[in-house]
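Chemist: From first to last, the protein sequence lines are chains L and D. Taking numbering that gives the first Met the number 0, I'd label the letters of the first sequence as residues 0 to 217. Taking numbering that gives the first Met the number 0, I'd label the letters of the second sequence as residues 0 to 186.
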Amino acid sequence: MRKSIDQLLLASRPAAQKSNPAFVARVMFAVRSTATIESFAAEKRITNTATKNVFGSGALQAWSNLIGVIFKMNKKQSFLVVPLVVAALVAGVVVFQANSPVSAHELAVAAAERVQQMSPQEIAQINSQYNQDIAQRLDEAQKSGSLHTISLEDLQDLPGSLSSKHNSAIKKYLEYTNSAGERIVVALGEDNRPLYVMNVDAAPTLPAGASQPDVQVR
Amino acid sequence: MKFFAPDDRIVKVMDETEVIAAICQGADRYEELVERYHTGLIIHCEQLVGDRDEAEDLAQQAFIKAYTHLARFNPQRARFSTWLHHIATNLAIDHLRQRSRKVVVEDIERIAEATMPTFLEDDQKQTVRRAVQNLTPPAYKRVIMAYYWEGKDYRQIARELNVPSNTVGTWMRRAKMQLKETLEDIV
């Protein structure tokens with residue numbers, strides 16, 4: 000059978016050739032998160048009927064939805080990150096007020112469910128408020144002289160920031176130190192639109208074995 | 000006594016099967032497969048959807064889908080890379096349909112065929128690499144190596160060479176024409 004030039008060139012790629020480490024890291028993050036979700040759901044089904052009653056058999060679905068939203072996000076959809084994170088915070092407050100311990104997983108489950116219920120107007124409003132808030136923080140950080148750009152490589156060396164690699168929509172990272180002396184990293188998308196804010200000095204608490212330290216916000 | 004050199008294809012397929020079996024038993028070795036196949040898969044998707052960012056998203060989805068269905072993969076029926084590329088082709092067809100484009104599946108499959116993984120003997124690989132090294136002007140060699148072996152997209156190559164993306168595309172076409180002539184015995 001005849002071979003195309005594309006096939007010949009791809010088949011001749013030197014085995015030791017490293018090419019796109021950021022893409023490999025992004026895929027592996029998504030793959031490991033998928034594995035974590037599955038084991039989390041399985042564990043919940045088997046060992047914790049109380050949790051199952053609260054979060055129900057929809058836990059896996061909700062997690063899948065959340066991770067699906069984040070990892071399938073492209074440039075046009077990345078606006079959903081902020082509502083997801085905000086919803087996680089809202090869900091966290093609700094659970095916290097109910098005086099119940101909560102894991103990052105459970106927050107994410109609740110967040111995914113909340114975002115699914117949001118209207119496009121609500122999402123737009125959250126994004127708008129968030130953008131203004133971040134713009135103000137960055138402005139203040141710039142005035143205080145602590146704002147600077149950091150590279151993906153720098154970011155990988157920081158604690159609690161593993162999740163930052165997965166999204167191709169991220170174009171630039173800025174870092175500054177807030178009034179509490181904590182290092183804050185802001186991930187910016189196209190047109191300098193803020194996508195994430197991570198407090199890298201406050202690594203999230205995760206269940207044992209989990210590899211999915213999702214965004215720790217403000 | 001004469002020792003037979005191991006058949007490269009058999010060694011590689013065995014190695015791949017071994018890695019997959021280990022993953023199915025819980026080993027954290029999927030990265031080896033991602034590392035090995037991502038460049039070709041991204042190019043495969045890019046040929047299908049015509050956009051690098053969308054291609055990377057599709058390739059990522061294909062890797063995740065392959066991972067979650069790995070237990071169903073049958074190495075007796077196909078190589079992992081072939082199976083993975085078929086998953087990506089199906090995802091690309093779905094993606095194109097979602098973009099409300101008229102999708103002729105036969106056309107997509109024909110395009111997909113041009114970047115499906117293929118096997119080359121070691122001496123054929125050397126011939127191809129030599130042909131790339133001998134491309135003239137040297138910029139042609141650079142664009143081919145950067146795109147097919149280093150996994151860079153046109154924008155990255157254009158920045159690196161300080162030329163417009165269109166120029167990269169032109170050099171790529173001309174380089175491939177040269178290679179087609181040089182490698183007509185294999186092509």
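Beta carbons: idealized from backbone N, C-alpha and C, even for Gly. Here the structure is a predicted model, which means the values were calculated and not measured.
1) Check the DSSP bridge columns for I149 of chain L and list the partner residues they point to.
2) Count the CB pairs spanning the stretch 85–94 of chain D and the stretch 57–72 of chain D that are closer than 8 Å, and state whether there are at least three.
3) Please list the residues of the stretch 23–54 of chain D that have a C-beta atom closer than 9 Å to any C-beta atom in chain L, keeping them in chain order.
4) Please report the residue range of the alpha helix (DSSP H) in which D106 of chain D lies.
5) Does any heavy atom of the ligand GDP sit closer than 7 Å to the C-beta of F22 of chain L?
6) What are the residues in the stretch 14–30 of chain L lying within 7 Å of chain D by C-beta distance?
7) From D:M171, D:H68, D:H84, pick the residue whose C-alpha is nearest to that of P136 of chain D; which is it?
8) With 16 other CB atoms within 10 Å as the buried threshold, where does D5 of chain L fall?
9) Okay, do the stretch 145–155 of chain D and the stretch 38–55 of chain D touch, 3+ Cβ pairs below 8 Å being the bar?
10) How about the stretch 98–107 of chain D and the stretch 22–37 of chain D: do they share at least three Cβ pairs that are nearer than 8 Å?
11) Using a Cβ cut-off of 8 Å (strictly closer), state whether S11 of chain L contacts chain D.
12) Take C23 of chain D and list the residues in its own chain whose beta-carbon comes closer than 7 Å to its own, dropping the five residues that flank it on each side.
13) Could you give the distance in angstroms between the alpha-carbon of S164 of chain D and the alpha-carbon of I156 of chain D?
14) Hey, out of L:L137, L:Y172, L:G180, whose CA is closest to E189 of chain L's CA?
15) In the stretch 82–162 of chain D, which residue ranges form an unbroken alpha helix (DSSP H) of at least 4 residues, counting only runs that do not cross its ends?
16) Could you name the residues of the same chain whose beta carbon sits closer than 6 Å to that of K1 of chain D, not counting the 5 residues immediately before and after it, in chain order?
17) Consider the Cβ of D132 of chain L: report whether some Cβ of chain D lies at a distance smaller than 8 Å.
18) Can you tell me whether P193 of chain L is buried or exposed? The criterion is at least 16 other CB atoms within 10 Å of its CB, across all chains shown.
19) Do you know offhand how far T176 of chain L's Cα is from R182 of chain L's?
20) With 8 Å set as the bound, which would you pick, yes or no: does the beta-carbon of A58 of chain L sit closer than that to a beta-carbon of chain D?
21) Just by C-beta distance, which residues in the stretch 137–164 of chain D are closer than 7 Å to chain L?
22) Among the candidates D:V186, D:F72, D:D52, whose CA atom is the shortest distance from the CA of F118 of chain D?
23) With H, G and I counted as helix, E and B as strand and the rest as coil, what does DSSP make of G273 of chain D?
24) Rounded to a whole number of angstroms, what is the C-alpha to C-alpha distance between T16 of chain D and A24 of chain L?
25) Measuring only between beta-carbons, confirm whether R1 of chain L sits less than 8 Å from chain D.
26) Can you tell me whether M176 of chain D is buried or exposed? The criterion is at least 16 other CB atoms within 10 Å of its CB, across all chains shown.
27) Taking Cβ-Cβ distances shorter than 7 Å, what residues in chain L pair up with K101 of chain D?
28) What residues of chain D sit near L8 of chain L, judged by a beta carbon separation below 7 Å?
Modeler: Result, derived from the coordinates:
1) DSSP, once it has assigned bridges, lists L:Y172 as partnering I149 of chain L.
2) Touching, yes.
3) So the close ones are D27, Y29, E30, V33, E34, R35, H37, T38, G39, I41, I42, H43, Q46, D52, E53.
4) Where D106 of chain D is concerned, the enclosing alpha helix (DSSP H) stretches over 104–112.
5) Only the bare structure without any ligand can be found here, which leaves the ligand GDP out of the picture.
6) Within the stretch 14–30 of chain L, contact with chain D at the beta-carbon level (separation under 7 Å) is assigned to Q16, S18, N19, F22, V23, R25, V26, M27, A29, V30.
7) Comparing Cα-Cα distances from P136 of chain D to each of D:M171, D:H68, D:H84, the minimum goes to D:M171.
8) Classification for D5 of chain L: buried.
9) Because the criterion of three Cβ pairs below 8 Å is met, the stretch 145–155 of chain D and the stretch 38–55 of chain D touch.
10) No, because fewer than three Cβ pairs between the stretch 98–107 of chain D and the stretch 22–37 of chain D fall closer than 8 Å, the two stretches do not touch.
11) At least one C-beta of chain D is nearer than 8 Å to the C-beta of S11 of chain L.
12) The beta carbon of C23 of chain D is closer than 7 Å to those of L69, A70 in its chain, skipping five residues each way along the sequence.
13) C-alpha of S164 of chain D to C-alpha of I156 of chain D: approximately 8 Å in a straight line.
14) Closest option to E189 of chain L, judged by alpha-carbon separation, among L:L137, L:Y172, L:G180: L:Y172.
15) Runs of the alpha helix (DSSP H) inside the stretch 82–162 of chain D: 104–112, 121–132, 137–143, 153–160.
16) Unreliable positioning characterises K1 of chain D in this predicted model, as indicated by a pLDDT of 35, which lies under 50. A coordinate reading is not provided.
17) Not a single C-beta of chain D is nearer than 8 Å to the C-beta of D132 of chain L.
18) It is buried - the Cβ of P193 of chain L has at least 16 other Cβ atoms within 10 Å.
19) T176 of chain L and R182 of chain L have their alpha carbons spaced roughly 5 Å apart.
20) Any reading at A58 of chain L must be qualified, since the residue scores a pLDDT of 41, below 50, and its modelled position is unreliable; the value itself is stated next. Residue-level contact check: A58 of chain L does not touch chain D, since none of the beta carbons of chain D fall below 8 Å from its beta carbon.
21) The residues in question are I143, Y147, W148, E149, G150.
22) Answer by Cα proximity: D:V186.
23) Residue 273 of chain D lies beyond the stretch modelled for chain D, which goes from 0 to 186, so this question has no answer here.
24) CA-CA distance, T16 of chain D to A24 of chain L, rounds to 23 Å.
25) R1 of chain L has a beta carbon lying within less than 8 Å of a beta carbon in chain D.
26) It counts as exposed.
27) What K101 of chain D touches in chain L: nothing, since even the nearest Cβ is about 21 Å away.
28) Near L8 of chain L (Cβ distances below 7 Å), the residues of chain D are V127, I143, Y147.
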